[in-house]
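Undergrad: Take the position in the sequence shown, starting the count at 1, then add 43; the result is the number in my numbering.
The structure that follows is given in the form of structure tokens.
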Amino acid sequence: MLLSLDGGCDAMIEKVRDILAGVRRAGRSALLEHEVYEVLEAAGIAVPRHAFWEGAPGEDVPAAVSSLLAGGTDEVVLKIVSPEILHKSDVGGVATAQAEPAAVAAAARRVWSDVGTRMPGAPLSGVLVVEKVKTKGGSPASETLLSLKQDPAFGPVLVLGLGGVLTEWFGGLSDGASTAVVQPGRVREGLELAISTRPALALLFRPSRLHATPPLDLETTVERLERLGAVATAFGERAQAGAADPLTLEELEVNPLLLAADGRWIAVDGKGRIGSTTVTVPKRPLRKVKNLLEPRSAAVLGASATAMNPGRIILRNLKVSEGIRYGHLWAVHPKEETIDGIPCVKTVEELPETVDVAVISIPAEGARDAIRALADSGKAESIILIPGGFAETGRKGLEDEIVSIVRGTRARPDEGPVLVGGNCLGIVSKHQYNTFFLPQYKLPFHDAPGDRLLAVSQSGAYLVSLTSNLDGIIFPKASISYGNQMDLTVSDFLEASLADDGVQVVACYIEGFKPLDGERFVELARELRRRGKRVLAFKAGKTALGAEATRSHTASLAGDYAVAESLLKGAGVVVAQTLDMLEDYTKAFTMLYDRLPRGNRVAVLSNAGFECSSVLDKLYGLVPARLSEETKAKLAGCLPGVAHADNPVDATPMAETRQFVAAAEAMIADDGVDALLVSPIPVTPALDNLSPDLAGGTHRENIHSPESLPSELLALFRKTGKPIAVSVDSGRLYDDFVQVLQRGGIPVWRKIDRASRALSALATL
44 MLLSLDGGCD AMIEKVRDIL AGVRRAGRSA LLEHEVYEVL EAAGIAVPRH AFWEGAPGED
104 VPAAVSSLLA GGTDEVVLKI VSPEILHKSD VGGVATAQAE PAAVAAAARR VWSDVGTRMP
164 GAPLSGVLVV EKVKTKGGSP ASETLLSLKQ DPAFGPVLVL GLGGVLTEWF GGLSDGASTA
224 VVQPGRVREG LELAISTRPA LALLFRPSRL HATPPLDLET TVERLERLGA VATAFGERAQ
284 AGAADPLTLE ELEVNPLLLA ADGRWIAVDG KGRIGSTTVT VPKRPLRKVK NLLEPRSAAV
344 LGASATAMNP GRIILRNLKV SEGIRYGHLW AVHPKEETID GIPCVKTVEE LPETVDVAVI
404 SIPAEGARDA IRALADSGKA ESIILIPGGF AETGRKGLED EIVSIVRGTR ARPDEGPVLV
464 GGNCLGIVSK HQYNTFFLPQ YKLPFHDAPG DRLLAVSQSG AYLVSLTSNL DGIIFPKASI
524 SYGNQMDLTV SDFLEASLAD DGVQVVACYI EGFKPLDGER FVELARELRR RGKRVLAFKA
584 GKTALGAEAT RSHTASLAGD YAVAESLLKG AGVVVAQTLD MLEDYTKAFT MLYDRLPRGN
644 RVAVLSNAGF ECSSVLDKLY GLVPARLSEE TKAKLAGCLP GVAHADNPVD ATPMAETRQF
704 VAAAEAMIAD DGVDALLVSP IPVTPALDNL SPDLAGGTHR ENIHSPESLP SELLALFRKT
764 GKPIAVSVDS GRLYDDFVQV LQRGGIPVWR KIDRASRALS ALATL
């Protein structure tokens, strides 16, 4: 919920409105520095005493400047005022002077002259004379930055962090962790999360050896930021939508705010910008997502009768689908009577019934006409638009036409169809249907657990990779490729999971959000988290090059990664930094969701010393469990004498299968252990972990026997309610060993640090 503007905020908002309206009347989009001061003062943030000397300075100071100089200040700072000059000091636009009229007048003329020489074409409005603020030296809060912006995806956001001339240095030194990004109405929780996870930012709000009292008071900071957040919200793109003359505060930046010697927090520099851009989030009949995920009837447009094109592959996949009722699948083709035994109709209007889903696999212009026919006739509750060739290739006009066609149906009683795509692979809905235009011999879907998982990806190719990598281990309830988000967005599928009690995990690959859909996404993620569900996400576009690539791929707004990451984490989303991490987290949460650990205490069992040593450096927030004396005694009794019988346990390569499993049993039973990480290096002949040698004569191991290592570990897994993860750091010879474990429900990784990182995500979020 965003901050209410009631209870004393109305007067503040009206005052800011007058200031911004004055900027617009002046024909400018940029706020002058003293206008920024006025906005900040209205929001309750202190500013220095100042006076605006309008126009070219002369010999005599104006009355406002005289009044400032008579107010007791010893020294003043003079700054050129121009809507086009952001870095004043770079062009000679800043000077200091004693607070004496003749000295100030001389300094003002010098500033005006220097800037005029260096930037002869820049429009100059005057000179701002500001009292020089004495700072509280030695404090990390001596210089901070504060800004607000209207993020295209997330709406109004506030940024607070270490600032001043070393802003970029602080950011680089802390890998971007010197700032906090918060939403209006959620400033407290955002700051508290940032303080707990970002040591650089914690310097501002926690006592230290240098400062017995925190440099900044959290309560006061929250109050001030919420007031500024109320301004950002009132003049945001959503709030101004529908206004006769919309007035948006696009950004406001203060760098630095100084912590004065007298304890005040004072803004001494600032810039801002207004605009008129507004956003109205379109409504969609989300009840029809059920038609999309559980269709009983379908039609395919674009299947060839003579070639194996994508439409024909989709038609064949639908023909063998379990969910489509017999006799309720059609192809739309102008000439054919049947294709692969499926009846054809010549036009959309000839479909004998309104289908739950229509799949369009026709090039761009034809796709537009097909969508118009489906929309006008009301012959489809949902549409999957497979091809690309729209905004992602620069043809935004064609995409806009399709969007307009679909939105034009919303006023009808049936509210028209919902649409997924374009530029997508469509959907595989478990035991329902498959619209991927990939033959099943290239991308099989073997039955496996996974009904608690919803996989949602903007990239069809990534979804193919994920489902292929997890094939036989996890079969998601639905795998959704949503492409350009012409209609349905990633948040729509998040909302659909709210009503599905069976779905407990939603894994998302996101390249960009539609306008304000990121804000909706985090609100839905909070609600899902409140209900005990988990949202996992990889957000592409972390770098400038990555952001450019995502825009060219899906024509979505890549947005600012730092904003997205901060707000997603603040909503409880498990944010993966790499694609490997997203896959690892998806596997861990899906396979172990019914046994989430009580805490972050992990026990490690291996038969290799290097595994035991290396994992301690890669626990990612886990802590080594303290084993009880009883557990240590059990370990000493079951393991070889040379083994290390304390956490992490090195059973040594001499430990046989029964000894190794007995150690695992002792450790998982310890009340001080929340999770068990098992890492058997399988090359030792003491462990039974190979497939049977059908030719005979090489070995007598059999991973399918009840006494084999995988069978024994699976038996232990079924007896305990605690999570167990396994690392098998060896080659292809042991793929069968891995598969037996995973098909039995234990997630396996091929490196121990990936296993510990995935366990950490389970335990620390």
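Think of the CB as a built atom: it goes at the ideal place given N, C-alpha and C, for glycine as much as any other residue.
With C-beta atoms as the reference, is residue 188 less than 7 Å away from residue 204?
TA: Residue numbering aside, residue 188 sits at position 145 when the sequence shown is read from its first letter. Residue numbering aside, residue 204 sits at position 161 when the sequence shown is read from its first letter. Yes, they are a contact pair.
Undergrad: Pop quiz: residue 560 and residue 533 are said to be a contact at Cβ under 8 Å. What is the actual Cβ separation, rounded to whole angstroms?
TA: Looking up residue 560 in the sequence shown gives position 517. Looking up residue 533 in the sequence shown gives position 490. So it is a contact: roughly 7 Å between Cβ atoms.
Undergrad: Using a threshold of 7 Å, state whether the C-beta atoms of residue 199 and residue 166 are closer than that.
TA: Position 156 of the sequence shown, counted from the start, is the residue given in the question as residue 199. Position 123 of the sequence shown, counted from the start, is the residue given in the question as residue 166. Not a contact, by the Cβ cut-off of 7 Å.
Undergrad: Let me make sure I understand the geometry here. Which of 380, 333, 275, 671 has the alpha-carbon closest to that of residue 366?
TA: Translated into positions along the sequence shown, residue 366 becomes position 323. Among 380, 333, 275, 671, the Cα nearest to that of residue 366 is on 333.
Undergrad: With burial defined as no fewer than 16 other Cβ atoms inside 10 Å of the residue's Cβ, what is the status of residue 512: buried or exposed?
TA: Numbered from 1 along the sequence shown, position 469 holds the residue referred to as residue 512. By the neighbour-count rule (16 or more Cβ atoms within 10 Å), residue 512 is not buried but exposed.
Undergrad: Determine the DSSP secondary structure at residue 785, reduced to helix, strand or coil.
TA: To locate residue 785, count along the sequence shown from 1; it is residue 742. Looking at residue 785 - three-state DSSP - the assignment turns out to be helix.
Undergrad: Just to check my reading of the structure: residue 309 and residue 300 have Cβ atoms closer than 8 Å, yes? What is that Cβ distance to the nearest angstrom?
TA: Indexing the sequence shown from 1 puts residue 309 at position 266. Indexing the sequence shown from 1 puts residue 300 at position 257. Contact holds; Cβ gap of about 6 Å.
Undergrad: Could you give the distance in angstroms between the alpha-carbon of residue 854 and the alpha-carbon of residue 538?
TA: For the chain, the structure presents residues 44 to 808; residue 854 sits outside this window and is missing.
Undergrad: Residue 379 by DSSP, collapsed to three states: which one?
TA: What you label residue 379 is simply residue 336 of the sequence shown in a count that begins at 1. Looking at residue 379 - three-state DSSP - the assignment turns out to be coil, as it is neither helix nor strand.
Undergrad: Near residue 364, what residues of its chain come up, given a Cβ to Cβ distance below 6 Å and the 5 sequence neighbours on each side ignored?
TA: Here residue 364 refers to the residue found at position 321 when the sequence shown is read from its first residue. 476, listed in sequence order.
Undergrad: Could you please give me the residues that DSSP links to residue 138 through a beta bridge?
TA: Here residue 138 refers to the residue found at position 95 of the sequence shown. According to DSSP, which records beta bridges pairwise, residue 138 is partnered with 121.
Undergrad: Do you know how far the Cα of residue 122 is from the Cα of residue 140?
TA: Taking the sequence shown and counting its residues from 1, the one referred to as residue 140 is at position 97. Taking the sequence shown and counting its residues from 1, the one referred to as residue 122 is at position 79. Looking at the two C-alpha atoms, the distance is approximately 11 Å.
Undergrad: State the Cα-Cα distance for the pair residue 238 and residue 751, rounded to the nearest angstrom.
TA: Position 195 of the sequence shown, counted from the first residue, corresponds to residue 238. Position 708 of the sequence shown, counted from the first residue, corresponds to residue 751. One C-alpha to the other measures close to 49 Å.
Undergrad: Please give the ranges of any alpha helix (DSSP H) in the region 544-574, keeping only runs that are unbroken, at least 4 residues long and fully inside the region.
TA: Counting whole runs of 4 or more residues, the region 544-574 contains the alpha helix (DSSP H) stretches 560-573.
Undergrad: Quickly, what does DSSP pair residue 193 with across the bridge? List them, please.
TA: Residue mapping note: residue 193 aligns to position 150 of the sequence shown, counting from 1. In the DSSP output, where bridge partners are listed per residue, residue 193 has 199.
Undergrad: Helix, strand or coil for residue 598? Go by DSSP, reduced to three states.
TA: In the sequence shown, residue 598 corresponds to position 555, counting from 1. With a pLDDT of only 48 at residue 598, under 50, the local geometry of the prediction cannot be trusted, and no value is derived from it.
Undergrad: What are the boundary residues of the beta strand (DSSP E) that residue 314 is part of?
TA: Numbered from 1 along the sequence shown, position 271 holds the residue referred to as residue 314. 314-318 is the span of the beta strand (DSSP E), which, as asked, contains residue 314.
Undergrad: Could you tell me if residue 315 is buried or exposed, where buried requires 16 or more neighbouring beta carbons within 10 angstroms of its beta carbon?
TA: Counting from 1 along the sequence shown, the entry for residue 315 is found at position 272. Buried is the call here.
Undergrad: Can we say the region 74-91 touches the region 99-109, given the rule of at least three CB pairs closer than 8 Å?
TA: Contact fails: fewer than three Cβ-Cβ distances are below 8 Å.
Undergrad: If you measure between the beta carbons of residue 225 and residue 303, is that distance less than 7 Å?
TA: The residue you call residue 225 lines up with position 182 of the sequence shown. The residue you call residue 303 lines up with position 260 of the sequence shown. No. Outside cutoff.
Undergrad: Looking at residue 579: is its Cβ nearer than 7 Å to the Cβ of residue 550?
TA: By one-based count along the sequence shown, residue 579 stands at place 536. By one-based count along the sequence shown, residue 550 stands at place 507. Taking 7 Å as the Cβ cut-off, residue 579 and residue 550 qualify as a contacting pair.
Undergrad: Which value, in whole angstroms, describes the spacing of the CA atoms of residue 230 and residue 369?
TA: Counting from 1 along the sequence shown, the entry for residue 230 is found at position 187. Counting from 1 along the sequence shown, the entry for residue 369 is found at position 326. So the two alpha carbons sit approximately 55 Å from each other.
Undergrad: Grouping DSSP H, G and I as helix and E and B as strand, with all else coil, what is residue 791?
TA: Start at 1 with the first residue of the sequence shown, and residue 791 comes out as number 748. Three-state result, residue 791: strand.
Undergrad: What residue range is occupied by the uninterrupted beta strand (DSSP E) comprising residue 278?
TA: For the purposes of this step, residue 278 is taken as the residue at position 235 of the sequence shown. Here residue 278 belongs to no beta strand (DSSP E), and DSSP marks it neither H nor E.
Undergrad: Using CA coordinates, which residue listed in 546, 543, 603, 616 is at the minimum distance from residue 564?
TA: Numbered from its first residue, the sequence shown carries residue 564 at position 521. Per the Cα distances, 616.
Undergrad: By a C-beta neighbour count over all protein chains shown, 10 Å radius and 16 as the cutoff for buried, is residue 759 buried or exposed?
TA: On the sequence shown, position 716 is the one that residue 759 refers to. Buried, because 16 or more other Cβ atoms sit within 10 Å of the Cβ of residue 759.
Undergrad: Residue 613: buried (16+ other C-beta within 10 angstroms of its C-beta) or exposed?
TA: For the purposes of this step, residue 613 is taken as residue 570 along the sequence shown, with counting starting at 1. With 16 or more other Cβ atoms within 10 Å, it is buried.
Undergrad: How about residue 318: is its C-beta nearer than 7 Å to some C-beta of chain B?
TA: The chain labelled as chain B is not found in the depicted structure, where only one protein chain is given.
Undergrad: Could you give the residue range of the beta strand (DSSP E) that holds residue 584?
TA: As a working note, residue 584 is residue 541 in the sequence shown. Premise fails: residue 584 is in no beta strand (DSSP E) and is neither H nor E.
Undergrad: Do residue 707 and residue 685 have their C-beta atoms closer together than 7 Å?
TA: As a first step, residue 707 is located in the sequence shown; it is residue number 664 there, counting from the start. As a first step, residue 685 is located in the sequence shown; it is residue number 642 there, counting from the start. No.
Undergrad: Is it buried or exposed for residue 628, if we count other Cβ within 10 angstroms and need 16 for buried?
TA: Start at 1 with the first residue of the sequence shown, and residue 628 comes out as number 585. Residue 628 comes out buried.
Undergrad: Do residue 417 and residue 375 count as a contact pair if the criterion is CB distance below 7 Å?
TA: The residue you call residue 375 lines up with position 332 of the sequence shown. The residue you call residue 417 lines up with position 374 of the sequence shown. The answer is no: Cβ separation not under 7 Å.
Undergrad: Quick one, are the C-beta atoms of residue 768 and residue 798 less than 7 Å apart?
TA: Residue 768 sits at position 725 when you count from the first residue of the sequence shown. Residue 798 sits at position 755 when you count from the first residue of the sequence shown. Going by C-beta atoms, residue 768 is nearer than 7 Å to residue 798.
Undergrad: In this structure, how does DSSP classify residue 144 when only helix, strand and coil are distinguished?
TA: The sequence position of residue 144 within the sequence shown is 101, counting from 1. Helix, per DSSP.
Undergrad: Is there contact between the region 636-646 and the region 241-256, where contact requires at least three CB pairs shorter than 8 Å?
TA: No, they do not touch.
Undergrad: Can you grab the Cα-Cα spacing for the pair residue 786 / residue 626, in whole Å?
TA: As a working note, residue 786 is residue 743 in the sequence shown. As a working note, residue 626 is residue 583 in the sequence shown. When rounded, the distance between both Cα atoms is 17 Å.
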